[in-house]
Amino acid sequence: GAVVSQHPSRVICKSGTSVKIECRSLDFQATTMFWYRQFPKQSLMLMATSNEGSKATYEQGVEKDKFLINHASLTLSTLTVTSAHPEDSSFYICSAKRDRQETQYFGPGTRLLVL
Amino acid sequence: DAKTTQPTSMDCAEGRAANLPCNHSTISGNEYVYWYRQIHSQGPQYIIHGLKNNETNEMASLIITEDRKSSTLILPHATLRDTAVYYCIVRVAYQGGKLIFGQGTELSVKP
Numbered sequence: 001g002a003v004v005s006q007h008p009s010r011v012i013c014k015s016g017t018s019v020k021i022e023c024r025s026l027d028f029q030a031t032t033m034f035w036y037r038q039f040p041k042q043s044l045m046l047m048a049t050s051n052e053g054s055k056a057t058y059e060q061g062v063e064k065d066k067f068l069i070n071h072a073s074l075t076l077s078t079l080t081v082t083s084a085h086p087e088d089s090s091f092y093i094c095s096a097k098r099d100r101q102e103t104q105y106f107g108p109g110t111r112l113l114v115l
Numbered sequence: 001d002a003k004t005t006q007p008t009s010m011d012c013a014e015g016r017a018a019n020l021p022c023n024h025s026t027i028s029g030n031e032y033v034y035w036y037r038q039i040h041s042q043g044p045q046y047i048i049h050g051l052k053n054n055e056t057n058e059m060a061s062l063i064i065t066e067d068r069k070s071s072t073l074i075l076p077h078a079t080l081r082d083t084a085v086y087y088c089i090v091r092v093a094y095q096g097g098k099l100i101f102g103q104g105t106e107l108s109v110k111p
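Take a look at the structure:
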């Protein structure tokens with residue numbers, strides 16, 4: 001299989017601050033990365049699709065100015081939660097896939113708590 | 001992408017086979033069936049996928065009915081570490097790669 005890492009694994013921040021989460025594909029080049037959010041007792045919700053070198057495509061209802069996504073290299077995508085509020089507290093998970101392959105490999109997730 | 005229906009929860013005895021059903025009656029001819037699982041507080045893990053033939057790998061077997069309207073994921077010898085939420089997802093291949101997760105089946109493997 002392929003390995004995807006996320007950093008940090010947990011973060012606590014104050015309301016109004018911004019938080020950056022990194023997603024890395026460790027042993028393969030990921031042309032496409034995805035960002036998901038998961039609230040307690042709920043399923044994963046796709047937030048956006050990120051292709052290397054181009055702007056991310058956001059799902060309906062996801063604010064692109066609040067959740068900034070950058071995919072500057074084939075092994076790294078970042079999600080920045082800007083001006084975080086308590087309702088942004090959630091489990092954020094990224095996944096990555098190789099070009100012309102279908103399987104997505106998921107990171108371990110980042111738990112964000114906004115106080 | 002086609003909608004899937006899975007039981008909310010299932011129990012299985014350790015060492016026995018776990019058979020997880022999935023209905024996808026509106027599946028199209030070019031849609032694959034994917035299975036992922038999520039162990040508590042971790043990212044999802046890919047298990048297996050198939051189009052119309054049965055598939056087997058080191059983790060599980062996937063049995064797809066001839067009409068493709070349903071499938072079953074089989075864990076041949078369930079262990080306590082297989083306790084997780086199992087997601088059945090159908091999607092068209094080579095169209096952006098989006099996975100839309102439903103509620104899945106919470107499998108509890110009991111000693």
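Each protein sequence line maps, in turn, to chains G and L.
Position 62, counted from 1, in the first sequence is what the numbering used here calls 62; the numbers after and before it change by one each time, with no gaps.
Position 95, counted from 1, in the second sequence is what the numbering used here calls 95; the numbers after and before it change by one each time, with no gaps.
From the three backbone atoms N, C-alpha and C, an ideal C-beta is built for every residue, glycine too.
These numbers were taken from a predicted model, which means no experiment stands behind them.
Residues are counted here when their Cβ sits less than 9 angstroms from a Cβ of chain L; for the stretch 23–45 of chain G these are T32, F34, Y36, Q38, Q42, S43, L44, M45, given in chain order. With contacts defined as CB atoms closer than 7 angstroms, A84/G and V114/G qualify as a contacting pair. From the listed residues S73/G, Q42/G, A48/G, the smallest Cα separation to T105/L is found for Q42/G. Within the stretch 44–87 of chain G, the complete beta strand (DSSP E) runs of at least 3 residues fall at 45–51, 67–73, 76–81. Residue contact with chain G for Y86/L: absent (no Cβ-Cβ distance below 7 angstroms to any residue of chain G). Listed as beta-bridge partners of L20/L by DSSP are L73/L. At least one C-beta of chain L is nearer than 7 angstroms to the C-beta of P108/G. A check of alpha carbon separations from W35/L across A78/L, T4/L, S108/L, L80/L identifies T4/L as the nearest. Cβ-Cβ separation between A13/L and K110/L: approximately 6 angstroms, consistent with a contact (criterion under 8 angstroms). One finds G43 in chain L with Cβ atoms closer than 7 angstroms to the Cβ of I93/G, taken in chain order.
In this structure, DSSP gives L80/L a helical state, which the three-state scheme calls helix. Around the beta-carbon of D27/G, fewer than 16 other beta-carbon atoms lie within 10 Å, marking it exposed. For G50/L, the nearest beta carbon of chain G is not closer than 7 angstroms to its own beta carbon.
Within 10 angstroms of the beta-carbon of S77/G lie 16 or more other beta-carbons, which makes it buried. F34/G and E55/L have their alpha carbons spaced roughly 26 angstroms apart. CA-to-CA, the gap between N23/L and Y32/L works out to about 13 angstroms.
Of all residues in the stretch 7–27 of chain L, none places a beta-carbon less than 8 angstroms from a beta-carbon of chain G.
The residue from Y92/G, D99/G, Q104/G, P108/G with its alpha-carbon nearest to that of F39/G is Y92/G.
In this structure, the alpha-carbon of T83/L lies about 34 angstroms from that of A56/G. Taking a Cβ-Cβ cut-off of 7 angstroms, the neighbours of I100/L in chain G comprise L46, given in sequence order.
Taking C-beta separations shorter than 8 angstroms and ignoring five residues to either side along the sequence, the partners of P86/G in its chain run S15, V114, L115, following chain order.
Secondary structure note for K110/L: its beta strand (DSSP E) is the uninterrupted segment 105–110. About 23 angstroms separates the Cβ atoms of V3/G and T80/G, ruling out a contact at the 8 angstroms cut-off.
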